Amino acid sequence: MSLANGRHYRAIPGPSETPDAVQRAMHRASANIYEGELVDLTASLIPDLRRVARTEHHVALYICNGHGAWEASIANTLNPGDTVLVPVTGRFANGWAEMASALGIEVEFIDFGLQSPMDLNRIEARLRADTNHVIKAVLGVHVDTSTSVRNDIAGLRAAMDAAAHPALLMADCVASLGCDRFEMDAWGVDVLVTASQKGLMLPPGMGLLFFSPKAAEHRPERVPMYWDWAPRANPEWYYQYFGGTALTNHLYGMRVALDMMMEEGMEGIWSRHATLARAIWAAVDHWGTDGPMALNIADPTHRSRAVTTVKIGAPHGLHLRDWCENQAGVTLGIGLGMAPPDSDARHGWFRFGHMGHVNAHMVMGLLGCVEAGLGALDIPYAPGGVTAAAQVISAAARPTS
Ligand SMILES: *Cc1c(COP(=O)(O)O)cnc(C)c1O
Numbered sequence: 008m009s010l011a012n013g014r015h016y017r018a019i020p021g022p023s024e025t026p027d028a029v030q031r032a033m034h035r036a037s038a039n040i041y042e043g044e045l046v047d048l049t050a051s052l053i054p055d056l057r058r059v060a061r062t063e064h065h066v067a068l069y070i071c072n073g074h075g076a077w078e079a080s081i082a083n084t085l086n087p088g089d090t091v092l093v094p095v096t097g098r099f100a101n102g103w104a105e106m107a108s109a110l111g112i113e114v115e116f117i118d119f120g121l122q123s124p125m126d127l128n129r130i131e132a133r134l135r136a137d138t139n140h141v142i143k144a145v146l147g148v149h150v151d152t153s154t155s156v157r158n159d160i161a162g163l164r165a166a167m168d169a170a171a172h173p174a175l176l177m178a179d180c181v182a183s184l185g186c187d188r189f190e191m192d193a194w195g196v197d198v199l200v201t202a203s204q205k206g207l208m209l210p211p212g213m214g215l216l217f218f219s220p221k222a223a224e225h226r227p228e229r230v231p232m233y234w235d236w237a238p239r240a241n242p243e244w245y246y247q248y249f250g251g252t253a254l255t256n257h258l259y260g261m262r263v264a265l266d267m268m269m270e271e272g273m274e275g276i277w278s279r280h281a282t283l284a285r286a287i288w289a290a291v292d293h294w295g296t297d298g299p300m301a302l303n304i305a306d307p308t309h310r311s312r313a314v315t316t317v318k319i320g321a322p323h324g325l326h327l328r329d330w331c332e333n334q335a336g337v338t339l340g341i342g343l344g345m346a347p348p349d350s351d352a353r354h355g356w357f358r359f360g361h362m363g364h365v366n367a368h369m370v371m372g373l374l375g376c377v378e379a380g381l382g383a384l385d386i387p388y389a390p391g392g393v394t395a396a397a398q399v400i401s402a403a404a405r406p407t408s
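Numbering (the working numbering) for the sequence shown: 8 to 408.
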């Protein structure tokens with residue numbers, strides 16, 4: 008017997024669930040790329056994207072995933088031989104740094120381990136010591152999706168300012184934009200990197216860069232033509248938005264996704280994610296009062312509200328993921344970067360993705376299935392995590408009289 012038939016839920020940290028309305032908008036015959044609806048629709052996305060990122064600056068769209076947007080962020084700002092500072096709080100900082108290295112950039116790391124946010128004092132001290140301003144940019148990952156740590160990007164800007172350092176501040180918001188509060192202009196971010204398949208609720212396929220006038224002035228001697236953000240952000244002709252044929256069907260989907268986001272409002276989106284995340288944390292904390300489960304990030308103020316990394320011990324992570332997939336119709340995220348990828352220890356971790364199109368019944372269903380799986384698999388746990396989660400939701404959503 009399996010109890011998995013019915014609507015499946017991929018509770019993984021990307022690609023996230025796409026709303027039915029977005030899927031319907033994308034399901035269409037080839038669009039007219041010369042004139043009319045699609046051309047106007049594309050232009051209409053830009054101001055709403057700015058609202059999502061809380062910026063008045065430039066937006067450049069690419070047909071690529073987050074890795075492509077990483078490459079574009081470097082290609083538009085740095086010359087080979089330049090140095091960047093990369094605070095590491097998980098796998099994704101290393102990924103961005105690898106991309107920079109491959110483009111001839113010198114990378115200097117400060118490693119903060121897999122369970123802590125950046126230590127801003129250490130970063131400030133490093134920048135103060137760089138009196139010749141060799142460091143041209145700081146690459147800060149807002150939410151590292153492997154560890155589920157959330158870094159203080161406004162604080163990172165304050166540390167750079169305190170050191171009076173002129174480097175660009177670049178932020179990876181692939182896992183956080185549209186989930187966790189992010190205010191590009193107020194926080195002094197020069198380049199924001201993101202992609203379509205997480206908080207923006209679309210399938211993978213679009214990379215997005217937001218960039219400040221200061222970042223635009225950093226233009227290196229040679230920008231590879233395809234990655235050049237200038238024509239994309241300021242297109243004279245429609246094809247320049249994408250440096251070729253537009254990402255037609257995604258654009259229809261994005262129009263609907265942004266309509267949904269504008270209707271809910273960014274504050275509403277951020278508080279929904281925050282409440283649902285607290286429900287998940289309450290469940291895991293409760294289960295872990297007996298047995299091996301624990302949240303990877305101990306301090307709630309440093310946790311992502313879109314992805315949660317859980318330690319459960321090998322091989323329980325593998326068994327629980329299999330059980331949820333095959334018995335309950337819900338896919339949990341694999342552990343990533345917490346143990347060597349060829350070791351059995353990697354099965355000691357899993358992740359909840361709770362980003363984008365996710366609500367209370369999805370999260371409560373998810374947690375109920377996990378609790379059932381823990382019982383079915385005889386993994387030690389304290390029953391009652393689901394009740395603890397329900398109490399968080401009750402307290403956050405009492406009717407106003
Ligand atoms: C998902 C993700 C990426 C990479 O995105 P891809 O589309 O898989 O290339 C980069 N950074 C973070 C923080 C992510 O969560």
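The C-beta atom is built at its ideal place from N, Cα and C for all residues, glycine as well.
No experiment lies behind these values; they were computed from the predicted model shown.
Neighbour-count burial assignment, residue i, 16 or more Cβ in a 10 Å radius
i: Gln30; result: exposed
i: Leu10; result: exposed
i: Thr5; result: There is no way to answer for residue 5, as the model of the chain reaches only from 8 to 408.
i: Gly214; result: buried
i: Pro406; result: exposed
i: Pro307; result: exposed
i: Glu378; result: buried
i: His354; result: buried
i: Trp77; result: buried
i: Tyr41; result: exposed
i: Trp244; result: exposed
i: His15; result: exposed
i: His64; result: buried
Helix, strand or coil at residue i according to DSSP, with G and I counted as helix
i: His65; result: strand
i: Val196; result: coil
i: Arg188; result: coil
i: Phe119; result: coil
i: Pro54; result: helix
i: Pro99; result: In the sequence under discussion, the amino acid at residue 99 is Phe, which differs from the Pro named in the question. Of the three classes helix, strand and coil, the one that applies to Phe99 here is helix, per DSSP.
i: Glu24; result: coil
i: Ile142; result: strand
i: Glu378; result: helix
i: Thr152; result: coil
i: Ile70; result: strand
i: Arg239; result: helix
i: Asp89; result: coil
i: Met8; result: coil
i: Val181; result: coil
i: Leu373; result: helix
i: Tyr16; result: strand
i: Gly251; result: coil
Beta-carbon spacing of residue i, residue j below 8 Å
i: Leu176; j: Arg164; result: yes
i: Arg312; j: Ala264; result: no
i: Leu92; j: Ile142; result: yes
i: Val198; j: Ser51; result: no
i: Val66; j: Phe249; result: no
i: Val114; j: Ala100; result: no
i: Leu68; j: Arg239; result: yes
i: Ile386; j: His293; result: no
i: Ile19; j: Leu339; result: yes
Cβ shell of residue i (< 8 Å), same chain only, five flanking positions each side left out
i: Asn128; result: Ala166
i: Arg310; result: Ser155, Val156, Arg157, Ala284, Trp288, Leu302 and Ile304
i: Ile53; result: Val66
i: Leu325; result: His354
i: Pro26; result: Met208, Val263, Ala264, Met267 and His364
i: Pro231; result: Ala82
Beta-carbon contacts of residue i that lie in its chain and below 6 Å, excluding the five residues immediately before and after
i: Glu24; result: His364
i: Ala367; result: Ile400
i: Gly73; result: Val181 and Ala202
i: Met362; result: Ser23, Cys186, Lys205, Gly206 and Ala313
i: Ala396; result: Ala286, Ala289, Ala290 and Leu374
i: Thr62; result: Met191, Asp192 and Phe217
Any non-hydrogen atom of ligand 2 within 7 Å of residue i CB
i: Gln30; result: As for ligand 2, it is missing from this structure, which binds only ligand 1.
Cβ shell of residue i (< 7 Å), same chain only, five flanking positions each side left out
i: Ile276; result: Gly185 and Met268
i: Ala38; result: Leu45 and Thr255
Exercise for the section: Entirely within the stretch 193-234 and at least 4 residues each: give me those alpha helix (DSSP H) ranges in chain order. Expected result: Listed in chain order, they are 220-224.
Practice task
Would you list, in sequence order, the uninterrupted beta strand (DSSP E) runs of no fewer than 3 residues that lie entirely inside the stretch 310-364?
Solution key: Within the stretch 310-364, the complete beta strand (DSSP E) runs of at least 3 residues are 314-318, 337-341 and 356-360.
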